[in-house]
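Asks: Residue numbers (the numbering used here): 73 to 373.
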Ligand SMILES: Nc1nc2c(ncn2[C@@H]2O[C@H](COP(=O)(O)OP(=O)(O)OP(=O)(O)O)[C@@H](O)[C@H]2O)c(=O)[nH]1
Ligand SMILES: [Mg+2]
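#1: Counting Cβ pairs, one atom from each stretch, are 3 or more of them under 8 Å apart for the stretch 89-102 and the stretch 309-318?
#2: When you compare only the Cα positions, how much space is there between residue 82 and residue 157?
#3: Would you tell me roughly how many angstroms separate the C-alpha atoms of residue 90 and residue 147, rounded to the nearest one?
#4: What ranges does the beta strand (DSSP E) occupy inside the stretch 316-353, keeping only unbroken runs of at least 3 residues that lie completely in it?
#5: Is the beta carbon of residue 178 sitting closer than 7 Å to the one on residue 284?
#6: Which residues share a DSSP beta bridge with residue 208?
#7: Verify the contact flag: residue 326, CB atom, against every heavy atom of ligand 1, threshold strictly below 6 Å.
#8: Could you check which residue in 151, 203, 180, 348 has the C-alpha nearest to that of residue 313?
#9: Do the stretch 239-253 and the stretch 191-209 make contact, defined as three or more Cβ pairs closer than 8 Å?
#10: Cβ of residue 187 versus every heavy atom of ligand 2: is any distance shorter than 6 Å?
#11: Would you report the Cα separation of residue 262 and residue 197, rounded to the nearest angstrom?
#12: For residue 295, collect the residues of the same chain with a Cβ closer than 7 Å to its Cβ; drop the 5 residues on either side in sequence, then sort them by chain order.
#13: Within the continuous alpha helix (DSSP H) that includes residue 106, where are the two ends?
#14: I'd like to know if residue 116 contacts chain C, where contact means its C-beta is closer than 7 Å to some C-beta of that chain.
#15: Please identify the residue among 259, 293, 195 whose C-alpha is closest to the C-alpha of residue 356.
#16: Specify whether the stretch 219-226 and the stretch 136-154 touch according to this definition: at least 3 beta carbon pairs, one from each stretch, less than 8 Å apart.
#17: Between which residues of its own chain and residue 297 is the CB-CB distance below 6 Å, once the five residues before and five after are set aside?
#18: What do you reckon, is the C-beta of residue 225 under 6 Å from a heavy atom of ligand 1?
#19: How should residue 77 be labelled, buried or exposed, when 16 other C-beta atoms within 10 angstroms of its C-beta is the threshold for buried?
#20: So is the beta-carbon of residue 217 under 6 Å away from any non-hydrogen atom of ligand 2?
#21: Strictly by DSSP, which residues pair up with residue 298?
#22: Out of 173, 92, 368, 182, state which residue places its alpha-carbon closest to the alpha-carbon of residue 269.
#23: Does the pairing of the stretch 222-236 with the stretch 271-291 give three or more beta-carbon distances under 8 Å?
#24: For residue 367, does the three-state DSSP call read helix, strand or coil?
#25: Pick helix, strand or coil for residue 181, following the three-state DSSP scheme.
So, in structure tokens, the structure goes:
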């Protein structure tokens, strides 16, 4: 399936809901205070977030004045044309691994889709002829390593896991040693999404980072934060917390196929200074795509 087709399909719910609201606005004709209010409500309803929605409306008001836009239709057209500007980071096609092993640390709250995303990424790298190793850094939940093992099988990747309850940082160290010994190209480190406290989780992730750097120079080369799009604005606060704690280099936004609120991606990229690099569009191994702002906006509107 082509990129845009998959994204269009994943964003069908968002698109239908947004189109319905925007069409109702176009039907109003007049660009008055009520129009602006309803446009802002529509954007907030699609999870663009209050701050970003206010910013978009303020910018559109300026454009409307400068370009003398008199009809709702004309304003909506400008909105559709310009909304991609809020996705400021340039096209973030994932770079092929530079050093060896290329170490990717994957973090995020429980249930966001970390393990699934690792499986999908591992499959892509395998298919492109790279050797891949998955490291089960989530030793907190008993079934976690089991789930990762299933994905390793599917993706044709190796797996390093510790005993249940083992120190995750030690498992990570062993995993990276194994990767170096085997000459593995890419390593994905799965981590816990929940510990006894959020403080513990962040401290553990920091420790894992330190161990990575000690085991492989420059590692982790990438720290991906996985966010569940269906959690809406909550994803935004998670993005801030993880970014502050562990230095996230890229975001994966999952479950865009099961929400009507795809505007969240615009809010994240407008308000957190980290690029969205991939979007998850379903549970299947094939349903992960590199993020392309233009294509995304085309699929959204
Ligand atoms: N619809 C949909 N479901 C997804 C997507 N990505 C993951 N899921 C589902 O979300 C659920 C949680 O995914 P996991 O990969 O187990 O999440 P996790 O972050 O590893 O969770 P913990 O290990 O508990 O921290 C699973 O049922 C996945 O199939 C997606 O892009 N779309
Ligand atoms: Mg998991």
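From the three backbone atoms N, C-alpha and C, an ideal C-beta is built for every residue, glycine too. Here the structure is a predicted model, which means the values were calculated and not measured.
Replies: Here's the rundown:
#1: no
#2: 22 Å
#3: 15 Å
#4: List check, beta strand (DSSP E) in window: 322-326, 348-352.
#5: no
#6: 262
#7: yes
#8: The alpha carbon of residue 313 has as its nearest neighbour, out of 151, 203, 180, 348, the alpha carbon of 180.
#9: yes
#10: yes
#11: 16 Å
#12: 177, 179, 318, 319, 320, 321
#13: 105-117
#14: In summary, chain C is missing from the structure at hand, where a single protein chain is found.
#15: 195
#16: no
#17: 179, 180, 314, 320, 323
#18: no
#19: exposed
#20: no
#21: 324
#22: 182
#23: In this structure the stretch 222-236 does not touch the stretch 271-291; the number of beta carbon pairs closer than 8 Å is below three.
#24: helix
#25: coil
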